[in-house]
Amino acid sequence: MNREFTKGIIDDNPIFVLLLGLCPALGVSGLVVNALGMGAGVIFVMLGSNICVSLLKNFIPPKVRIPSYIVIIASFVTIVQMVMEAFAPDLYDNLGVFVPLIVVNCAILGRAEAFASKNTLKNSVLDALGMGIGFTLGLTLIALVREILGAGTITLVSIGAFDGVISIPGLIEAPARIFSLPAGALLAIGFLKAFFNWKSQSKRGEA
Amino acid sequence: MTYIGILITYIFISNFILTQFLGLCPFIGVSRNTESAVGMGFAVIFVMAIASVVTWLIQHYVLIPLSLEYLQTIAFILVIASLVQLVEMTIQKVSPPLYKALGIFLPLITTNCAVMGIALMNITSEYTLLESFTGGIAAGIGFLLAIVLMANIRERLEMKPVPKPFRGVPAAFISGGLMALAFMAFDRALLTNLLG
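These protein sequence lines map, in sequence, to chains A and B.
For the first sequence, the working numbering assigns the number 25 to the initial residue and increments by one for each residue that follows.
For the second sequence, the working numbering assigns the number 649 to the initial residue and increments by one for each residue that follows.
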């Protein structure tokens, strides 16, 4: 596997390692389906902005590069907003203010500035896909922990007769409601981050 | 809603950081010591108040008359980014001491989702101009309150024997979570009891 692609998934995971894009990560992590929807939006915007920035890197004057990147990102976010509103209105309502807020997701601006503005188109595409998937996985992990513990369910997309909600026996009768509350999101990411720290420390033989 | 109602709502009941997760990056990044937390907090109040007014004017006098509401996201982020730049230059000229105190925090505020968040929420809540201004100030004060409390907690945690994997960021998140639990005591009922 290509290193530019794989680094974003685990080693440089935007959520757990780089700590970028946390606001949307926590805000939409109450239901698994919201996390997946948000992840798809972020992958699209990141891919689009990385492609554009990488193609335009020789034409954008360094002094105005940040505003230029922001305009590029904002345009893709507007596309996501319109598409989501038209084809997935329920998801759009659930995510609410966090859809336009993808524009200030520092993970996206961070990749445009730190990677796409210096690298070739192919590597920028791989980087965007890896980082986007890493972001989605991190987000989904938080959402899984929160939804399973907080509500005893896993909500996915409904297809045909399947309404999209998987109930976990034992937990659905007596869920730990705190995890579905905002406080639970902060606790969940704190413990997950500690777990990742512990993993990487024990890998290096420190713990 | 009354102005006091807006203040109480954004400072306590739906505190941006602790209940809506807006502005988490600076909340974790700039809360290592109280001094910089206070600086960041005041810079955010300042920018939020101005941004609320300017984005409201843009929405009601430019975007709506021209039916360009779909450009809201692009327009707002550009306005906020240039506003931050302008505020930075003005403070630098007018008040060097203030610039020294807030200067380094201002560029970070452009990507603070709390500023964009309050601008969008003022529009969706259909606030008037003055209500938007109040909302901006109130959300800023809520941010200041949360980040200063957090910085105090983290300064004390430094002295304590925290297990190694939890040191730094994870401990900050967990303290933030416990703080959010405490803030749950402020709910809508408080507002109705206070204001009738």
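Where a beta carbon is used, it is the ideal one built from N, C-alpha and C, also for glycine.
Under the DSSP assignment, Val-796/B falls in the alpha helix (DSSP H) whose first and last residues are 777-806. Contact annotation, Ile-665/B with Phe-675/B: C-beta distance approximately 5 Å; criterion of less than 8 Å satisfied. Here DSSP, grouped into helix, strand and coil, assigns Ser-224/A to helix. In the same chain as Thr-738/B, and ignoring 5 residues on each side of it, no C-beta atom comes closer than 7 Å to its own. Put simply, the CB of Met-696/B is far from chain A, with every gap to its CB atoms at 8 Å or more.
Within chain B, not a single residue places a beta-carbon under 8 Å from that of Lys-87/A; the smallest gap is close to 12 Å. In the three-state DSSP reduction, Ser-78/A falls in the helix class (H, G or I). Under the three-state reduction of DSSP, Ser-715/B is assigned to coil, being neither helix nor strand. Not a single C-beta of chain A is nearer than 8 Å to the C-beta of Met-798/B. Secondary structure note for Ser-53/A: it is in no alpha helix (DSSP H), with a DSSP letter that is neither H nor E. Contacts between Gly-687/B and chain A, judged by CB atoms closer than 8 Å, are missing: the closest CB pair is about 20 Å apart. Proximity of Phe-834/B to chain A, defined by a Cβ-Cβ separation below 8 Å, is not satisfied. The alpha-carbon of Ala-167/A is positioned some 47 Å away from that of Val-742/B. Inter-residue distance for Lys-227/A and Leu-43/A is about 20 Å (C-alpha atoms, whole angstroms). Membership of Ile-654/B in the alpha helix (DSSP H) is indicated by the continuous run 651-656.
At a cut-off of 8 Å between beta carbons, Ala-787/B makes no contact with chain A. Taking the C-beta atoms as reference points, Phe-159/A is found no nearer than 8 Å to Val-104/A. A direct Cα-to-Cα measurement between Leu-754/B and Ile-725/B gives close to 15 Å. DSSP, reduced to helix, strand and coil, places Ile-190/A within a strand of the structure shown. Between the stretch 125-141 of chain A and the stretch 87-101 of chain A there are three or more C-beta pairs closer than 8 Å, enough to call the two in contact. The C-beta of Asp-151/A has 16 or more other C-beta atoms within 10 Å across all chains shown, which makes the residue buried. The continuous alpha helix (DSSP H) containing Thr-682/B extends over residues 682-706.
For Val-169/A against Leu-216/A, the beta-carbon gap comes to about 7 Å, under 8 Å, which counts as contact.
Interface flag for Leu-150/A against chain B is unset, since no Cβ pair is found closer than 8 Å. For the stretch 124-196 of chain A, the full-length beta strand (DSSP E) segments reaching 3 residues or more read 177-179 and 189-191 along the chain.
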